[in-house]
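Structure record follows, encoded as structure tokens.
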């Protein structure tokens with residue numbers, strides 16, 4: 001089976017391409033002319049230049065494909081990047097999966113996010129049936145992914161055999177653009193002076209890639225599958241990363257103080273004409289609990305979750321090997337060795 005993978009040069013997409021190739025599929029990677037192709041080196045994939053917002057290039061890339069895995073997406077917390085994020089995460093789904101419906105593909109997978117469910121101020125564990133409050137939270141990343149899912153459901157009602165997967169916070173090697181795994185790098189480099197309490201589910205990109213391919217090959221059309229991992233409070237994450245990296249964890253501060261600091265940071269960045277490193281939307285999202293259950297994916301897809309420390313170690317090792325993290329502590333030198 002020939003499968004088109006969008007976002008194939010990125011974190012999740014490159015591992016999906018690798019997993020597909022290892023299972024004997026022919027892989028065509030949709031990449032932009034400006035995409036970094038480091039993650040595709042050594043992979044037997046065909047490259048097709050295009051953009052998920054360019055319907056003509058997507059239609060060309062889909063020719064001869066029986067399947068498509070749409071992983072391309074944007075994660076951003078800065079107000080200045082919200083427009084592009086909504087376009088890619090919402091309109092991009094309409095373009096890619098709409099073209100897939102027109103092309104008559106036999107199988108399709110959309111990479112969504114557990115953020116579609118929203119979050120809660122207190123610990124809770126959500127699953128595919130949990131009602132979403134994402135629209136009420138007013139966080140652009142959450143609503144952009146929600147709009148993407150809504151577009152996919154409309155196309156499913158028109159006959160597209162699409163499965164939707166919702167990864168949690170993805171760690172592991174290969175985060176070329178420092179998206180979700182960049183959190184671990186930032187902690188190891190002492191780039192976060194403070195944090196607010198909340199909770200997230202942390203999964204491994206290699207497990208998530210297998211979940212995508214199993215959804216494509218074994219999942220039921222029209223179904224949603226949560227690809228979660230280890231549900232941790234932020235304080236627990238800070239402690240575990242800090243211990244492995246041999247650095248002191250940042251102090252926890254009250255939510256109100258963090259929100260005030262973010263508001264000030266946004267104002268100062270606007271005055272200077274720069275992107276803020278701390279934003280109100282990031283603080284609001286970090287303060288939520290987005291814990292999930294992957295029981296459905298485990299039962300129907302055979303989804304497996306590796307030990308959290310294995311993912312952390314491999315994340316740190318990859319950043320060290322890439323020259324993005326200097327092994328300045330005994331713990332990091334031991335990982336590098």
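Residue numbers (UniProt numbering): 1 to 337. Yeah, the Cβ is synthetic: ideal placement off N, Cα and C, and Gly gets one too. On a predicted model such as this, the values are computed, not experimentally measured, just so you know.
Identify the continuous alpha helix (DSSP H) that holds residue 310 and give its terminal residues.
Sequence index remark: in the chain shown, residue 310 carries index 310 (1-based). If you look at residue 310, you'll find it in the alpha helix (DSSP H) that goes 308–321.
Considering Cα atoms alone, identify which of 263, 238, 246 and 155 is closest to residue 79.
On the chain shown, residue 79 is found 79 positions in, with the first residue counted as 1. Taking only the C-alpha atoms, the option nearest residue 79 is 263.
Quick check on residue 286: buried or exposed, where buried means 16 or more other Cβ atoms within 10 Å of its Cβ?
The sequence position of residue 286 within the chain shown is 286, counting from 1. Buried, by the Cβ-count rule.
With DSSP as the reference, identify every bridge partner of residue 29, one or two as the case may be.
Working through the chain shown from its first residue, we reach residue 29 at position 29. DSSP, once it has assigned bridges, lists 5 and 47 as partnering residue 29.
I'd like to confirm the pairing. Which residues does DSSP put opposite residue 11 in its beta bridges?
For this step, residue 11 is matched to residue 11 along the chain shown. Paired residues: none, contrary to the question.
Less than 9 Å between the beta carbons of residue 114 and residue 10, yes or no?
One-based indexing of the chain shown puts residue 114 at position 114. One-based indexing of the chain shown puts residue 10 at position 10. No, the Cβ-Cβ distance between residue 114 and residue 10 is not below 9 Å.
Just the C-alpha distance for residue 60 and residue 46, rounded to the nearest angstrom, thanks.
Position 60 of the chain shown, counted from the first residue, corresponds to residue 60. Position 46 of the chain shown, counted from the first residue, corresponds to residue 46. Distance between the alpha carbons of residue 60 and residue 46: 13 Å.
Stretch pair the segment 198–209 + the segment 241–248: three plus CB contacts closer than 8 Å
Result no; under three Cβ-Cβ pairs closer than 8 Å.
Rounded C-alpha distance that separates residue 106 from residue 316
The sequence position of residue 106 within the chain shown is 106, counting from 1. The sequence position of residue 316 within the chain shown is 316, counting from 1. Distance between the alpha carbons of residue 106 and residue 316 is about 38 Å.
If the criterion is Cβ atoms closer than 9 Å, does the pair residue 137 and residue 130 meet it?
On the chain shown, position 137 is the one that residue 137 refers to. On the chain shown, position 130 is the one that residue 130 refers to. Between residue 137 and residue 130, the C-beta spacing is not below 9 Å.
For residue 286, three-class secondary structure by DSSP:
Looking up residue 286 in the chain shown gives position 286. For residue 286, the three-state secondary structure derived from DSSP is helix.
Using 10 angstroms around the beta-carbon of residue 219, count the other beta-carbons present and answer buried if the total reaches 16, otherwise exposed.
The residue you call residue 219 lines up with position 219 of the chain shown. Residue 219 should be labelled buried.
Any chance the segment 50–69 sits against the segment 84–97, with 3 or more Cβ pairs inside 8 Å?
Taking 8 Å as the limit for Cβ pairs, the verdict is that the segment 84–97 does touch the segment 50–69.
Cβ pair count under 8 Å reaching 3, the segment 230–242 against the segment 30–46:
In short, these stretches do not touch, since the Cβ pair count stays below three.
Given residue 195 as reference, the closest of 202, 201 and 186 once Cα atoms are compared:
Position 195 of the chain shown, counting from 1, holds the residue named residue 195. The closest CA to that of residue 195, considering only 202, 201 and 186, is found on 186.
Need the endpoints of the beta strand (DSSP E) that residue 204 sits in, please.
The residue given as residue 204 occupies position 204 in the chain shown. Unbroken beta strand (DSSP E) run through residue 204: 199–204.
Let me know the secondary structure DSSP gives residue 267 once reduced to three states.
As a first step, residue 267 must be located in the chain shown, where it is residue number 267. The answer is helix: DSSP assigns residue 267 an H, G or I state.
What residue range is occupied by the uninterrupted alpha helix (DSSP H) comprising residue 234?
Here the question's residue 234 lines up with position 234 in the chain shown. Here the alpha helix (DSSP H) through residue 234 covers 234–245.
When you compare only the Cα positions, how much space is there between residue 76 and residue 140?
As a first step, residue 76 must be located in the chain shown, where it is residue number 76. As a first step, residue 140 must be located in the chain shown, where it is residue number 140. A straight-line Cα-Cα distance of about 8 Å links residue 76 and residue 140.
Minimum C-alpha distance to residue 298 - residue among 224, 103 and 335:
Sequence index remark: in the chain shown, residue 298 carries index 298 (1-based). It is 224.
Candidates 328, 17 and 300, of which the one nearest residue 244 by Cα:
Looking up residue 244 in the chain shown gives position 244. For the residues 328, 17 and 300, the minimum Cα distance to residue 244 belongs to 328.
Under 9 Å between the Cβ atoms of residue 188 and residue 325?
The residue given as residue 188 occupies position 188 in the chain shown. The residue given as residue 325 occupies position 325 in the chain shown. For residue 188 and residue 325, yes; Cβs fall inside 9 Å.
Where does residue 123 fall in DSSP's three states?
Looking up residue 123 in the chain shown gives position 123. Coil, per DSSP.
What residue range does the beta strand (DSSP E) around residue 163 cover?
Counted from its first residue, the chain shown places residue 163 at position 163. Here the beta strand (DSSP E) through residue 163 covers 162–167.
In whole angstroms, give me the CA-to-CA distance for residue 252 and residue 161.
As a first step, residue 252 is located in the chain shown; it is residue number 252 there, counting from the start. As a first step, residue 161 is located in the chain shown; it is residue number 161 there, counting from the start. Looking at the two C-alpha atoms, the distance is approximately 45 Å.
Pop quiz: residue 180 and residue 170 are said to be a contact at Cβ under 8 Å. What is the actual Cβ separation, rounded to whole angstroms?
For this step, residue 180 is matched to residue 180 along the chain shown. For this step, residue 170 is matched to residue 170 along the chain shown. Contact flag correct, Cβ pair sits at about 5 Å.
Proximity of residue 213 and residue 74 at Cβ, strictly below 9 Å:
Residue numbering aside, residue 213 sits at position 213 when the chain shown is read from its first letter. Residue numbering aside, residue 74 sits at position 74 when the chain shown is read from its first letter. No, the Cβ-Cβ distance between residue 213 and residue 74 is not below 9 Å.
Measuring alpha carbon to alpha carbon, tell me which of 201, 119 and 91 ends up nearest residue 154.
Residue 154 sits at position 154 when you count from the first residue of the chain shown. It is 91.
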